[in-house]
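Just add 454 to the spot in the sequence shown (first one is 1) and you have this note's numbering. One structure is given below, encoded as structure tokens.
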Amino acid sequence: MVFLDPKADQRDVTGKAVKILDDLQFVKFCNSTATQSLNKKFELACLPPTSDAAAHHSMRVYLQIQDWLGNSLLATTWGWKKHGECLLPVTADKPVAPEFILKMIYCNDCYKPYSCRKTGLNCSNLCVQCQGTLAAIYSNSM
455 MVFLDPKADQ
465 RDVTGKAVKI
475 LDDLQFVKFC
485 NSTATQSLNK
495 KFELACLPPT
505 SDAAAHHSMR
515 VYLQIQDWLG
525 NSLLATTWGW
535 KKHGECLLPV
545 TADKPVAPEF
555 ILKMIYCNDC
565 YKPYSCRKTG
575 LNCSNLCVQC
585 QGTLAAIYSN
595 SM
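Here's what the structure looks like:
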């Protein structure tokens, strides 16, 4: 098993299995939206992670297992980033959707910590509430 191999590299750990997640995510999204009314709110949490997010999660799992086995590895090489004196998980390196789609995303209640911001997406200038100003504020504060 690759997670027990102290000499595994990132390609071994992330593997090919996560590549199908993006296709699965698209199919699951299409199936979910096809069976619900237009007024019903779509729950992003019901989708599987992107292949990029799953790859970073796999690297963090590998790091944890190696730590339990007594093998010290550099955390910033295995799915973590330094933020001041803390380590934060790298959730993804790639955008969750093409840029033109991300620019069309907006919510109806961006002043509350729900929907767009909760999933890590910024509101756009299409938003009736903030015209994208909150997107700039929140991206600068992170």
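Think of the CB as a built atom: it goes at the ideal place given N, C-alpha and C, for glycine as much as any other residue.
DSSP state of residue i mapped onto helix, strand, coil
i	result
Tyr-568	Below a pLDDT of 50, predicted positions are generally treated as unreliable, and Tyr-568, at 48, falls in that range; the measurement from the model is reported next regardless. Coil.
Leu-542	strand
Gly-461	Correcting the residue identity first, residue 461 is Lys in this sequence and not Gly. Correct three-state label for Lys-461: coil.
Trp-522	helix
Glu-497	coil
Leu-517	helix
Thr-504	coil
Ser-595	With a pLDDT of only 48 at Ser-595, under the threshold of 50, the placement of this residue in the model should not be trusted; the figure read from the coordinates follows. In this structure, Ser-595 counts as helix in the three-state DSSP scheme.
Any non-hydrogen atom of the ligand FAD closer than 6 Å to residue i Cβ
i	result
Asn-525	Although the ligand FAD was asked about, the structure shown includes no ligands whatsoever.
Burial state of residue i, where buried means 16 or more other Cβ atoms lie within 10 Å
i	result
Met-513	buried
Leu-517	buried
Gly-533	buried
His-510	buried
Thr-531	exposed
Thr-468	buried
Residue i: first and last residue of the uninterrupted beta strand (DSSP E) it sits in
i	result
Lys-548	No beta strand (DSSP E) holds Lys-548; DSSP gives it neither H nor E.
DSSP beta-bridge partners of residue i
i	result
Lys-536	Leu-541
Limits of the unbroken alpha helix (DSSP H) element including residue i
i	result
Val-481	475-488
| Does the segment 502-516 touch the segment 476-491, meaning 3 or more C-beta pairs lie closer than 8 Å? | yes
| task | Please confirm if the segment 515-535 is in contact with the segment 482-491, defined as three or more CB-CB distances below 8 Å between the two stretches. | result | no
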